[in-house]
Every structure is written in structure tokens, then in C-alpha cells.
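Undergrad: Attaching a single structure in C-alpha cells format; questions to follow.
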Amino acid sequence: MRPQPGKARLRTLRPRIETIDTRSAKVPEKVVDPHYLSPEHRRWRSEVIRRAGGRCEFPGCGRAEPRMFADHIRELKDGGSPLDPANGQCLCGACHSRKTIAARELRLSMPAGTPSGHGGRGPRGV
Ligand SMILES: [Zn+2]
């Protein structure tokens with residue numbers, strides 16, 4: 016059979032082996048903390064973003080994007096206050112991701128029971 020122009024020759028081939036999950040450590044399902052769905056959180060979020068004029072407060076950034084993040088300076092997992100406006104800062108997506116990853120790294124690198132302050136990592140706890 017000659018290949019016809021414009022038709023993929025291998026399009027009828029299907030994988031013969033099903034993919035299986037071989038991970039020995041299962042990744043826990045991501046569960047949204049109900050706090051983030053509460054009206055109190057939405058009010059806090061609006062206030063933090065409004066106070067910043069919708070601009071990223073990370074030093075040297077100042078970006079304004081359609082989607083801005085109200086970030087807990089001291090994260091809730093680290094014992095930060097969930098609704099205190101003083102524990103909030105408005106961040107753009109890139110700065111929010113960077114800050115969240117840095118905070119997680121710091122948290123995971125410390126033995127359980129160690130206080131998780133963010134001192135010495137730059138302005139505003141980042
Ligand atoms: Zn930013």
C-alpha cells in the first residue's frame with residue numbers, strides 16, 4: 016500500500032502497553048483549605064490588592080496584571096495570621112510563585128518543631 020499524500024501513515028497504531036503509575040511514593044491530592052473559599056478571605060484579598068493599587072509589591076517589580084495574588088507574608092502553614100491585612104501583600108503571578116516556592120523550600124528544609132521565621136531573606140519576609 017502506497018502512502019497517500021496528506022495522510023499520516025502511522026495513525027492507526029495504538030500503544031500496546033498501558034501506562035502504569037510506578038511511583039513508590041504517592042503524591043497526596045491537593046486539597047483546598049476551606050479558608051480560601053470563605054467570604055472573610057475574599058474581603059481580606061480584595062483589601063490587600065486594593066491597598067496596593069493592584070500593583071505587585073515585591074521590591075523592584077511593580078507589575079500590574081489582570082490576575083493579582085493576595086499573598087500571606089507569613090504563610091498560613093507557618094502560623095501566619097489569615098485575616099490580618101498587615102500579613103498581606105499584593106503580588107503578581109511570577110513573584111507569588113517564587114515566594115511560595117521559597118517558603119515551601121524553607122519549610123521542608125527545617126526539622127519538625129523548628130520555628131519557621133523568614134528572617135534574613137529580604138524585605139517583607141521573602
Ligand atoms: Zn511581581
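Under our numbering, the sequence shown has 45 at position 30, and the numbering climbs by one with no breaks.
Virtual Cβ for every residue (Gly too), placed ideally from N, Cα, C.
Alpha carbon to alpha carbon, how far is R29 from S131? Give it in angstroms, no decimals.
TA: Counting from one through the sequence shown, the residue named residue 131 turns up at place 116. Counting from one through the sequence shown, the residue named residue 29 turns up at place 14. Low local confidence applies: a pLDDT of 47 at S131 is under 50, so the model's placement there is unreliable, with the coordinate-based value given in what follows. Distance between the alpha carbons of S131 and R29 is about 51 angstroms.
Undergrad: So for G134, helix, strand or coil by DSSP?
TA: Translated into the one-based positions of the sequence shown, residue 134 becomes position 119. Bear in mind that a pLDDT of 44 at G134, under 50, signals an unreliable position, so the model cannot answer this.
Undergrad: Pick out whichever of A85, I35, P43 has its Cα sitting closest to the Cα of E110.
TA: What you label residue 110 is simply residue 95 of the sequence shown in a count that begins at 1. The sequence given here places Cys at residue 110; Glu does not occur at that position. Comparing Cα positions, the closest option is A85.
Undergrad: Need the endpoints of the beta strand (DSSP E) that L106 sits in, please.
TA: In the sequence shown, residue 106 corresponds to position 91, counting from 1. Taken as a continuous stretch (DSSP letters only), the beta strand (DSSP E) holding L106 covers 103-106.
Undergrad: May I have all residues whose beta carbon comes closer than 6 angstroms to any heavy atom of ligand 1, sorted in chain order?
TA: Those satisfying the condition are, in chain order, C71, F73, C76, R78, L106, C107, A109, C110.
Undergrad: Helix, strand or coil: which one does DSSP assign to D5?
TA: No answer is possible for residue 5: it lies beyond the span of the chain, which begins at 16 and ends at 141.
Undergrad: Pick out whichever of T34, P100, K45, G68 has its Cα sitting closest to the Cα of R58.
TA: Here the question's residue 58 lines up with position 43 in the sequence shown. Closest by alpha carbon: P100.
Undergrad: Which one of C71, P74, D36, L98 has the shortest CA to CA distance from L52?
TA: Your numbering for residue 52 matches position 37 in the sequence shown. Out of C71, P74, D36, L98, L98 has the C-alpha closest to the C-alpha of L52.
Undergrad: Please classify L123: does DSSP put it in a helix, a strand, or coil?
TA: Translated into the one-based positions of the sequence shown, residue 123 becomes position 108. L123 falls in the helix class under three-state DSSP.
Undergrad: For the alpha helix (DSSP H) that R57 lies in, which residues bound it at each end?
TA: By 1-based counting over the sequence shown, the position of residue 57 is 42. Segment 54-66, the alpha helix (DSSP H) holding R57.
Undergrad: Is it right to say V63 is buried, meaning 16 or more other beta carbons lie within 10 angstroms of its own, or is it exposed?
TA: Locating residue 63 in the sequence shown gives position 48, where the first residue counts as 1. Its Cβ being crowded by 16 or more others within 10 Å, V63 is buried.
Undergrad: Evaluate H87 with the Cβ neighbour count: other Cβ atoms within 10 Å of its Cβ, from every protein chain shown; 16 or more gives buried, anything less gives exposed.
TA: Residue 87 sits at position 72 when you count from the first residue of the sequence shown. Buried: at least 16 other Cβ atoms inside 10 Å.
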